[in-house]
Amino acid sequence: MTRTDASAVSIGLFGPLSVWSGQDAVVLRGDIPRAIVARLALSAGEPVSADELISELWPGDRATALTNLRSRISRLRSEGFPAAIHGDRQGYLLDLPAEAVDVLRFRALLGRAAEHGNGADAAAEALAAAEALATHEPLRGLDGFPFVRALRERVLEERRGAVETLAELWLERGEHALAVGPLTALVARHPLDEKPTRLLATALARSGRSSEALEAIDALGDRLAAGQGLDLPPRMAELRLAVVRRDPAVVSAGLSAVAVERSGIPIPLTRFIGRARERAVIAEARAASRLVTIVGAAGVGKTRLAIEVARQATSAIDDEQVMVELTAAATPEDVVAVVADAVGATEHDVAAIATRLGGRRVLLVLDNAEHVLGAVASLAVALTALCPQLQVLTTSRESMRIPGERVVRLEPLLGEAEPDAVELFLERAADAAGFAGGLGDDELFSRPPSGSDGDEGHGHPLAGAAPDRPAGAVGRICRALDGIPLALELAASRLDVLSLGELEDSLFERALELVGPGDADGRHASLTSSIRWSYRLLDAGQQALLQQLGRFAGSFTLDAVRGVCGEAAAEAALDLVQKSLVTPTDGEGGARRYRLLESVRAFLREEPGGAEVPEEWWRGHSLWFAGLAERLGPLLRTPDARSARLEIEAAWPDLQLALATANRALDRSTALRICGALSHHWFLKGMLVDGRAALERALALPGERDPVVDAPAYIGVTLLAYQLGDAPAAFEYIRLAYEAAEAAGDRAVQALALAQTAYGRSLFGEAELAEQLMGAASAAAVETAPWVRSEVAMCEGQMLRALGRSEEALAALGLSHRLASEVGHEWIRSSAAYVAGKVLVETKRPREAVTVLREGAAAAFAAGDATSGLALLHTLAGACALVERHEEGAQLLGAVDQLGERYSYNPVTAEGDDARKHRDLVAVGLTPEEFARAVAAGRRLTVRETLRVASALPSAPFEL
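In my numbering, the protein residues as written are -7 to 952.
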């Protein structure tokens, strides 16, 4: 059999059968011709015997089947089927290369991944591409043919293996959140199988969602018991216990894993299409410059490309990536604060941002910068000057025009990129409800829209196909929309209610207004018109809801929509997602969030009434986010602390907006509800100055005093003031906290206030008063939550250490550590280990101190609490001197110094005399030159390398 050139033909078997010749759809009338083409496509380039075709197409009608088969194939040939079908004694062959058929490309990608082996980036890339291809069930609408059922079973099993292997690679690389979505779908398809649930539970636990991990395991147990009468498999029972115990090997990435740390970079839920050239150009630009700007018109895909560039970068390129959505910056003056909050800087200034980002390879993505471009340019120049390893990737409608900037211009999907536009349109169309099988009507693909004569260039704005081939509707639509991805998605999404012909006619009416310039201004007008067209197809209720969603400061959840906009709004919001006016993403913890693209927000602001917001909406928004803060704040002291922290950070723009609304309205109660609940978050993030200022402002608002909200706020500002070294203010706030708690009957705050006061008094040598206060604190804490009792026991341990009663101190600290471990209160768990390590060093039990301190440091870093981890390592350095490991101790000191600069932790400032004593202990065993060399070597260590130094130290068993 000879081969013909069929390079322009492609066949899609995922979803309904689709056949394309170049950019034009090929119409196949009837199920049997479609089934013949589909079956031959599965063996593209290889013969399929007539007997095999008959058995798979006409299993019950073999008498006339051969004649029928020949007749059908003859008709396909006579109607100009674009790929040659050859026939001889061996059977029939569809003359196409395997890569022209999506299912065969899928299998080729699986083979490529297997060749690279597990753990390779190339394997993960191939598996991710395969998983993205297989998002739809094969051959929808051809259920009656036996080969279709067999194909679906094979593909589903192949896809299952691909997802499981890809998830394992993601988990190895620390990309836990990426694995959650595909694994959740896999568990739904295989509810009784252990492996998908085991991987999902591990991904959830490592994403900080321990309670959801336990729910996934327990749900499997319930399904096995109900369906098969089986117990939970031993391996799953062990996993469950490890999650409950917060085993770092299970609930964290594992400090040996090498992964890019990502913050604020969403996980898109749709496949990225095209832009291979632009990605290569950006890679070259990043290699040559530390300032790269992606420039392009609104809706052209700048943000999505930046996300793809970041997510494709490995740890060989970046240590950390942070994405900042600059739409939260209303004015140029807001830019530094927005960036500081996003990167976790301790203060709102350039120096604090540089401190946080310095010392490692960081990619800072500044998205949607055009409205504050001057401020962004100034910040980028300052940060790159202060941070030699920092790279800044900006997206904007125009360049920053600063020295060293590499500009990558992103053009619409036209010309050579038009096939990508068609592919994008078709993929989004396939996602539109009710469009399955919609590609089978030939009139929708070959006829010109009403009002056109169908010829190129005769006054029809949607015309544009070459005169020697049919003007396919999809190609005409893509050209009419100037190849702008957002406009294509908006149009494709309307296929849930419109046929392709109706869509084309509707766009024809819209396009009459836009015939003319094809420059950037014209394209901007085209996008604005597309958004307006989509907006006006909405009913009044949907338009009103979209306006409300545009008022959220950042991304949002459906719960937020329901709480702020009304109970029925969540379902209506999903309709807007279907229409591509609202964009879904997965956050870092795998949680589903939604956002409006800046192009849509800008359109809404210009709509009549778009800038007018009813005061009751702001009030409802403020109250709902106050409730969110109150729900998430307590979780920061539980096993779900990481997921709570991620949710707080994702909602931070709206939490800040809610607080600003309450302050503006002089709503003291709501402001204090928000601040009191977030005080521990400010502390954990090291944002002590900002947190204290926000709490003090809220406490100073006029209005009736409510001890129920005052008590948590006062205890929160106490901690922040104390950590800032303002002991007089801390003592005053703790007095006010106790008074408010007593009036409110808040036993938790009473216990904490008494315990902290007791510890403070012990520092002044007031032993009798300190013990009396601690006794009252313990009595108040009896009926409180375990996290409260763990904090009271921690204070008792600190008090007893200050009073010189070491063994009693270790007992109290052991109780604190156990209580904190049981409930997942990681800060107190680390703090108890830290103080216990100090006691063991002071009592000359250094090998036991090594055990407690290095285990505590590993757990603290695994929990994301770098400050506690550094404090534990610094004390561990002191223990090194007592086990004659002075050089390792000096290396630990150097590592803490260098890493502490990034997290604004200075042990001498934080711990005073204790820190100086530990440094002196280490230095005395080395010459000044040896000490300086070892410290310098330590400054070059990463966290993982530092912990490896700690793991080699001599130790003795000790359990808190």
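Beta carbons: idealized from backbone N, C-alpha and C, even for Gly.
Original post:
Distance, Cα to Cα, residue 659 vs residue 704?
Top reply: Counted from its first residue, the sequence shown places residue 659 at position 667. Counted from its first residue, the sequence shown places residue 704 at position 712. Residue 659 and residue 704: Cα-Cα distance of roughly 17 Å.
Subject >> Short Cβ contact (8 Å threshold) for residue 349 with residue 335 >> reply: Along the sequence shown, one-based indexing puts residue 349 at 357. Along the sequence shown, one-based indexing puts residue 335 at 343. Going by C-beta atoms, residue 349 is nearer than 8 Å to residue 335.
**OP:** Note the first and the last residue of the continuous alpha helix (DSSP H) segment covering residue 398.
**Re:** Translated into positions along the sequence shown, residue 398 becomes position 406. It is not in any alpha helix (DSSP H) - residue 398 instead sits in the beta strand (DSSP E) that spans 397 to 401.
**OP:** Tell me whether residue 903 counts as near the ligand SAM, meaning its Cβ is closer than 7 Å to at least one heavy atom of that ligand.
**Re:** Among the ligands in the structure shown, none appear at all, so the ligand SAM cannot be discussed.
**OP:** Starting from the C-beta of residue 533, find all residues in its chain whose C-beta is less than 8 Å away, skip the five residues before and the five after it, and write them out in chain order.
**Re:** For the purposes of this step, residue 533 is identified with residue 541 of the sequence shown, where counting begins at 1. Here the set comprises 564.
Original post:
residue 526 by DSSP, collapsed to three states: which one?
Top reply: Taking the sequence shown and counting its residues from 1, the one referred to as residue 526 is at position 534. Of the three classes helix, strand and coil, the one that applies to residue 526 here is helix, per DSSP.
**OP:** Report the partner residues of residue 47 according to the DSSP bridge assignment.
**Re:** Translated into the one-based positions of the sequence shown, residue 47 becomes position 55. Answer is none; residue 47 lacks a bridge partner.
Subject >> Spatial distance of residue 166 from residue 12 (CA atoms) >> reply: Numbered from 1 along the sequence shown, position 174 holds the residue referred to as residue 166. Numbered from 1 along the sequence shown, position 20 holds the residue referred to as residue 12. Each residue's Cα considered, the two are about 39 Å apart.
Original post:
By Cβ distance below 7 Å, which residues in the same chain neighbour residue 333 in space, the five residues on each side in sequence not counted?
Top reply: Translated into positions along the sequence shown, residue 333 becomes position 341. Within the same chain, residue 333 has close Cβ partners 644.
**OP:** Pair every Cβ in the stretch 596 to 615 with every Cβ in the stretch 294 to 306, then say whether three or more of these pairs are closer than 8 Å.
**Re:** Segment contact: the stretch 596 to 615 against the stretch 294 to 306, fewer than three CB-CB distances shorter than 8 Å; contact not assigned.
Subject >> Secondary structure of residue 411, DSSP reduced to three states >> reply: To locate residue 411, count along the sequence shown from 1; it is residue 419. Collapsing the DSSP output to three states places residue 411 in a helix.
Subject >> Between the CA atoms of residue 867 and residue 845 - distance to the nearest angstrom >> reply: On the sequence shown, position 853 is the one that residue 845 refers to. On the sequence shown, position 875 is the one that residue 867 refers to. Each residue's alpha carbon lies about 7 Å from the other.
Original post:
With C-beta atoms as the reference, is residue 871 less than 8 Å away from residue 861?
Top reply: Taking the first residue of the sequence shown as position 1, residue 871 is located at position 879. Taking the first residue of the sequence shown as position 1, residue 861 is located at position 869. Result no, Cβ atoms of residue 871 and residue 861 do not sit closer than 8 Å.
Subject >> Best match in 471, 27, 386 and 780 for proximity to residue 416 [C-alpha to C-alpha] >> reply: Stepping through the sequence shown from its first residue, residue 416 is reached at position 424. Measuring from the Cα of residue 416, the nearest candidate turns out to be 471.
Subject >> For residue 853 and residue 168, the rounded distance between their alpha carbons >> reply: As a first step, residue 168 is located in the sequence shown; it is residue number 176 there, counting from the start. As a first step, residue 853 is located in the sequence shown; it is residue number 861 there, counting from the start. Cα to Cα, the separation comes out at about 17 Å.
**OP:** Would you mind working out which of 27, 922, 767 and 34 sits nearest residue 49, comparing C-alpha positions?
**Re:** For the purposes of this step, residue 49 is taken as residue 57 along the sequence shown, with counting starting at 1. Residue 27 holds the alpha-carbon nearest to the alpha-carbon of residue 49 among 27, 922, 767 and 34.
**OP:** From the DSSP output, in three-state form, read off residue 6 for me.
**Re:** Within the sequence shown, numbered from 1, the residue matching residue 6 stands at position 14. Secondary structure at residue 6: strand, using DSSP grouped into helix, strand and coil.
Subject >> C-beta contact flag for residue 5 and residue 30 at 8 Å >> reply: Here residue 5 corresponds to residue number 13 of the sequence shown, with the count starting at 1. Here residue 30 corresponds to residue number 38 of the sequence shown, with the count starting at 1. It is a contact, given that the beta carbons lie within the stated cut-off.
**OP:** Using 10 angstroms around the beta-carbon of residue 474, count the other beta-carbons present and answer buried if the total reaches 16, otherwise exposed.
**Re:** Here residue 474 is taken as the residue at index 482 of the sequence shown, counted from 1. Burial state of residue 474 is buried, judged by a 10 Å Cβ sphere holding 16 or more other Cβ atoms.
Original post:
Is it buried or exposed for residue 67, if we count other Cβ within 10 angstroms and need 16 for buried?
Top reply: In the sequence shown, counting from the first residue as 1, residue 67 sits at position 75. The residue is exposed, with fewer than 16 neighbouring Cβ atoms inside 10 Å.
Original post:
Is the stretch 813 to 827 touching the stretch 150 to 165, taking contact as three or more C-beta pairs under 8 Å?
Top reply: no
**OP:** Compute the beta-carbon to beta-carbon distance between residue 993 and residue 591, rounded to the nearest angstrom, for a pair I have assumed lies under 8 Å.
**Re:** No answer is possible for residue 993: the residues shown for the chain start at -7 and end at 952.
Original post:
If you drop the 5 nearest sequence neighbours on each side, which residues of the same chain put their C-beta closer than 6 Å to that of residue 97?
Top reply: The residue labelled residue 97 in the question sits at position 105 within the sequence shown. Taken in chain order, the residues that qualify are 91.
Original post:
Count the other CB atoms within 10 Å of the CB of residue 767; is the residue buried (16 or more) or exposed (fewer)?
Top reply: Indexing the sequence shown from 1 puts residue 767 at position 775. Classification of residue 767: exposed, given that the 10 Å Cβ count is below 16.
Subject >> Best match in 526, 521, 561 and 523 for proximity to residue 540 [C-alpha to C-alpha] >> reply: Taking the sequence shown and counting its residues from 1, one reaches residue 540 at position 548. Minimum Cα distance to residue 540 is reached at 561.
Original post:
Between which two residues does the beta strand (DSSP E) containing residue 77 stretch?
Top reply: As a working mapping, residue 77 is identified with position 85 in the sequence shown. Looking at the DSSP string, the run of the beta strand (DSSP E) that includes residue 77 is 77 to 80.
Original post:
With 16 other CB atoms within 10 Å as the buried threshold, where does residue 174 fall?
Top reply: The residue you call residue 174 lines up with position 182 of the sequence shown. The residue is buried, with at least 16 neighbouring Cβ atoms inside 10 Å.
Original post:
Is the CB-CB distance between residue 86 and residue 33 below 8 Å?
Top reply: Counting from one through the sequence shown, the residue named residue 86 turns up at place 94. Counting from one through the sequence shown, the residue named residue 33 turns up at place 41. The answer is yes: Cβ separation under 8 Å.
Subject >> Pair within 8 Å by beta-carbon distance, residue 892 and residue 898 >> reply: Translated into the one-based positions of the sequence shown, residue 892 becomes position 900. Translated into the one-based positions of the sequence shown, residue 898 becomes position 906. Against a cut-off of 8 Å, the Cβ pair of residue 898 and residue 892 comes out as a contact.
Original post:
With 16 other CB atoms within 10 Å as the buried threshold, where does residue 851 fall?
Top reply: In the sequence shown, the residue the question calls residue 851 occupies position 859. That one is buried.
Original post:
When you compare only the Cα positions, how much space is there between residue 577 and residue 796?
Top reply: The count along the sequence shown starts at 1 and reaches residue 577 at position 585. The count along the sequence shown starts at 1 and reaches residue 796 at position 804. Each residue's Cα considered, the two are about 55 Å apart.
Original post:
What's the call for residue 280, buried or exposed, on a 16-neighbour Cβ count within 10 Å?
Top reply: Along the sequence shown, one-based indexing puts residue 280 at 288. In summary, residue 280 is exposed, with fewer than 16 beta-carbon neighbours lying within 10 Å of its beta-carbon over all protein chains present.
Original post:
The beta strand (DSSP E) spanning residue 313 covers which residue range?
Top reply: By 1-based counting over the sequence shown, the position of residue 313 is 321. Segment 312 to 317, the beta strand (DSSP E) holding residue 313.
Subject >> Host beta strand (DSSP E) of residue 253 (start-end) >> reply: As a working note, residue 253 is residue 261 in the sequence shown. Per DSSP, residue 253 belongs to the beta strand (DSSP E) from 253 to 255.
Subject >> Buried/exposed call for residue 130, threshold 16 Cβ in 10 Å >> reply: Within the sequence shown, numbered from 1, the residue matching residue 130 stands at position 138. By the neighbour-count rule (16 or more Cβ atoms within 10 Å), residue 130 is buried.
Original post:
Since residue 383 sits in a beta bridge, which residues does DSSP pair it with?
Top reply: Numbered from its first residue, the sequence shown carries residue 383 at position 391. The partner list for residue 383 (beta bridge, DSSP) reads 355.
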